[in-house]
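**Q** Handing you a structure now.
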Amino acid sequence: MTVTPNPLLPWQRTAAGAGLLAADGSVRPTIFAEMSALALASGAINLGQGFPDEDGPPEVLEAAREAIASGLNQYPPGPGVPVLREAIARHQARWYGLETDASTEVLVTAGATEALAATILAFVEPGDEVVAFEPAYDAYSALVARAGGVLRTVPLRWTPDAERPDWRPDPDELRAAVTDRTRLVLVNSPHNPTGAVLDRDVLELVVELAEHHDALIVTDEVYEHLVFDGRHVPVATLPGAWARTLSISSGGKTFNTTGWKIGWVTGPAPLITAVLAVKQYLTYVNGGPFQPAIAAGLDLPDSYFTAAADALRAKRDLLADGLTAAGFGVSLPAAGYFIVADAAPLAGVADGRWDDGETLCRRLPELAGVVGVPVSAFVPAERRGDVANLVRFAFCKRRDVLEEASARLTRLRAR
Ligand code: PMP
Ligand code: GLN
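Numbered by my numbering, the letters in the sequence shown go through residues 1 to 415 in order.
Dropping the structure here:
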């Protein structure tokens, strides 16, 4: 097939949106796929792609086995099996006080990814603007580009300052980004890659701006239960938000089942109907026997969820200490799977062996036997310089793996 550089075909726009289309027309794999392949090929410890290396709750795994054994192996209903939709509605009520109608306000999707795709394709028309915080999860730029929209980003800056949390957006920059051209505001909190939890006042400002400019709010809350201090606040719970908000989450992170791809979107019925209209021609349905299993997970007692966050917090601390000892600057995440580390202090020590985080990440297996992901992969080419030395490391791994990775990373300084 011939590749026409201009105008781009839809698939090329998608790849270009995520920065994966090269000038010669070739397409690169995502940074997560590239780094996982590098870890496999080099035998390095994979702290790149965010997936846990231990199984989740046995009740959830057993429920999937039971579902397969009992013959739940055909197409589930388009919006998802009722037991899962009801469990999602119960979950929203129990954790956030959101009363959600399981039959009209809940839609099960193939992971949060499909929920994001169907939502963006349902509402974004060519030329529409979508506002997101940057660095931004790669799917956003790819999907907005596929829809013909324009991604306008508001930077989250690492501002080491005891008075303020890292990675806070400037409210004036947020105000300037949301205009009458904004079709939707995408809010990823807890945030990938930074681990930031956006303050309530930022979320309230998003709601105020969305109301003022009649924009929709789409939230990506896949790390909702992995918050290390305090409780997650869904945007949908804020006054005035529900009617214009689609809240997206997934079972992958909460139950260590990233390969099952069971996600969901909740919101007012007319918006869910719109997302379903697109979703049913993306996958129609997925993961029949995994759906009741995730329902079993959502109904687990509070103690499961708090224990999961506690265990992950301890792993965060372990890797943060390891990275600090190895000479990295560390931004301590408030939630999620990842730590952003600044390799700038090490570049000098290693005598200019790398120019930026991307080069470092490609060389890290050979230099230290560890794989990370450059934060530049979450930023468009023109702003990659701002995050040149930042590397994202996943700490959703066994303690012995994190200890070994930390020990290996100290070798960088010794070189
Ligand atoms: N959003 C964010 C912020 C993520 O980090 C991820 C995956 N780790 C996803 C969406 C995709 O979730 P899923 O695997 O459920 O599609
Ligand atoms: N969300 C995962 C991460 O940030 C990656 C998922 C993927 O490979 N697309 O590491």
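We put the CB at the ideal spot given by N, CA and C, even for glycine.
All values reported here derive from a predicted model rather than from experimental measurement.
I'd like the list of long-range same chain contacts for Gly369, defined as Cβ closer than 7 Å, with 5 residues on each side in sequence excluded.
**A** Position 369 of the sequence shown, counted from the start, is the residue given in the question as residue 369. Same-chain partners within the cutoff: Ala44, Ile45 and Arg408.
**Q** Is Ile339 near Ala320, with beta carbons less than 8 Å apart?
**A** Looking up residue 339 in the sequence shown gives position 339. Looking up residue 320 in the sequence shown gives position 320. Contact: yes.
**Q** Within 10 Å of its beta-carbon, does Arg85 have 16 or more other beta-carbons around it, so buried, or fewer, so exposed?
**A** The residue you call residue 85 lines up with position 85 of the sequence shown. It is buried - the Cβ of Arg85 has at least 16 other Cβ atoms within 10 Å.
**Q** When every heavy atom of the ligand PMP is checked, does at least one fall within less than 7 Å of the C-beta of Ser250?
**A** Walking along the sequence shown from the start, residue 250 turns up at place 250. For Ser250, the shortest separation between its Cβ and any heavy atom of the ligand PMP lies below 7 Å.
**Q** Do Val379 and Val387 come within 8 Å of each other at the CB atom, strictly closer than that value?
**A** Residue numbering aside, residue 387 sits at position 387 when the sequence shown is read from its first letter. Residue numbering aside, residue 379 sits at position 379 when the sequence shown is read from its first letter. For Val387 and Val379, yes; Cβs fall inside 8 Å.
**Q** Does DSSP put Ala296 in a helix, in a strand, or in coil?
**A** For this step, residue 296 is matched to residue 296 along the sequence shown. Three-state result, Ala296: helix.
**Q** From the DSSP output, in three-state form, read off Pro270 for me.
**A** Your numbering for residue 270 matches position 270 in the sequence shown. Looking at Pro270 - three-state DSSP - the assignment turns out to be helix.
**Q** Give me the residue from Gly322, Pro193 and Gln280 with the minimum Cα distance to Arg157.
**A** As a position in the sequence shown, residue 157 is number 157, starting the count at 1. Here the closest residue by C-alpha is Pro193.
**Q** If you drop the 5 nearest sequence neighbours on each side, which residues of the same chain put their C-beta closer than 7 Å to that of Thr324?
**A** As a working mapping, residue 324 is identified with position 324 in the sequence shown. Once the five neighbours on either side are set aside, the close Cβ partners of Thr324 are Val330.
**Q** Using a Cβ-Cβ cut-off of 7 Å (strictly less than) and excluding sequence neighbours within five positions of Ala139, which residues of its own chain qualify?
**A** Position 139 of the sequence shown, counted from the start, is the residue given in the question as residue 139. Cβ within range, chain order: Thr113 and Leu116.
**Q** Between which two residues does the beta strand (DSSP E) containing Pro155 stretch?
**A** Looking up residue 155 in the sequence shown gives position 155. Element bounds for Pro155: Val150 to Arg157.
**Q** So the candidates are Ala63, Phe290, Arg413 and Leu312; which of them puts its Cα closest to the Cα of Ala421?
**A** Look at the range of the chain in this structure, 1 to 415, and you will see that residue 421 is not part of it.
**Q** Please state whether DSSP places Gly25 in a helix, a strand or coil.
**A** Numbered from 1 along the sequence shown, position 25 holds the residue referred to as residue 25. In this structure, Gly25 counts as coil in the three-state DSSP scheme.
**Q** How many Å lie between Thr109 and Ala147 at the Cα?
**A** Within the sequence shown, numbered from 1, the residue matching residue 109 stands at position 109. Within the sequence shown, numbered from 1, the residue matching residue 147 stands at position 147. Answer to the nearest angstrom: the Cα atoms are 19 Å apart.
**Q** Pick helix, strand or coil for Pro345, following the three-state DSSP scheme.
**A** Looking up residue 345 in the sequence shown gives position 345. Helix, per DSSP.
**Q** Check this for me: beta carbons of Ala87 and Leu298, under 8 Å apart or not?
**A** Walking along the sequence shown from the start, residue 87 turns up at place 87. Walking along the sequence shown from the start, residue 298 turns up at place 298. For the pair Ala87 and Leu298, the CB atoms are nearer than the 8 Å cut-off.
**Q** Pull up the DSSP beta-bridge partners for Gly329, would you.
**A** Here residue 329 corresponds to residue number 329 of the sequence shown, with the count starting at 1. Partner residues in the beta bridge of Gly329, as assigned by DSSP, are Asp342.
**Q** The ligand GLN and Gln92: does any heavy atom of the ligand fall closer than 7 Å to the residue's C-beta?
**A** To locate residue 92, count along the sequence shown from 1; it is residue 92. Gln92: no, Cβ never under 7 Å from the ligand GLN.
**Q** Among the candidates Asn256, Ser406, Gln92 and Leu360, whose CA atom is the shortest distance from the CA of Pro58?
**A** The residue labelled residue 58 in the question sits at position 58 within the sequence shown. The residue with the shortest Cα to Cα distance from Pro58 is Asn256.
**Q** Exposed or buried, what is Val411 when buried is set at 16 or more other beta-carbons lying within 10 Å of its beta-carbon?
**A** What you label residue 411 is simply residue 411 of the sequence shown in a count that begins at 1. In the sequence under discussion, the amino acid at residue 411 is Arg, which differs from the Val named in the question. With fewer than 16 other Cβ atoms inside 10 Å of its own Cβ, Arg411 counts as exposed.
**Q** Using 10 angstroms around the beta-carbon of Thr119, count the other beta-carbons present and answer buried if the total reaches 16, otherwise exposed.
**A** For the purposes of this step, residue 119 is identified with residue 119 of the sequence shown, where counting begins at 1. Looking at its Cβ environment, which holds 16 or more other Cβ atoms inside 10 Å, Thr119 is buried.
**Q** Does the separation of the CB atoms of Pro289 and Leu20 fall below 8 Å?
**A** Taking the first residue of the sequence shown as position 1, residue 289 is located at position 289. Taking the first residue of the sequence shown as position 1, residue 20 is located at position 20. Against a cut-off of 8 Å, the Cβ pair of Leu20 and Pro289 comes out as no contact.
**Q** How would you label Trp260, buried or exposed, when you count the other beta carbons within 10 angstroms and need 16 or more for buried?
**A** One-based indexing of the sequence shown puts residue 260 at position 260. It is buried - the Cβ of Trp260 has at least 16 other Cβ atoms within 10 Å.
**Q** With respect to the beta strand (DSSP E) encompassing Ser247, which residues constitute its N-terminal and C-terminal limits?
**A** Residue 247 sits at position 247 when you count from the first residue of the sequence shown. Its beta strand (DSSP E) spans residues Thr245 to Ser250.
**Q** In the DSSP assignment, find the alpha helix (DSSP H) that holds Arg175 and state where it starts and stops.
**A** By 1-based counting over the sequence shown, the position of residue 175 is 175. Residues Pro171 to Ala177.
**Q** Does the structure place the segment 302-317 close enough to the segment 196-211 that three or more beta carbon pairs sit under 8 Å?
**A** no
**Q** Nearer than 7 Å: is that true of the beta carbon of Lys261 relative to any heavy atom of the ligand PMP?
**A** For this step, residue 261 is matched to residue 261 along the sequence shown. Correct: Lys261 has its Cβ closer than 7 Å to the ligand PMP.
**Q** Hey, out of Gln49, Glu66, Ala15 and Val106, whose CA is closest to Gly263's CA?
**A** In the sequence shown, counting from the first residue as 1, residue 263 sits at position 263. Nearest neighbour of Gly263 by Cα position, chosen from Gln49, Glu66, Ala15 and Val106, turns out to be Val106.
**Q** Are the beta-carbon atoms belonging to Val227 and Val202 less than 8 Å from one another?
**A** On the sequence shown, residue 227 is found 227 positions in, with the first residue counted as 1. On the sequence shown, residue 202 is found 202 positions in, with the first residue counted as 1. Going by C-beta atoms, Val227 is not nearer than 8 Å to Val202.
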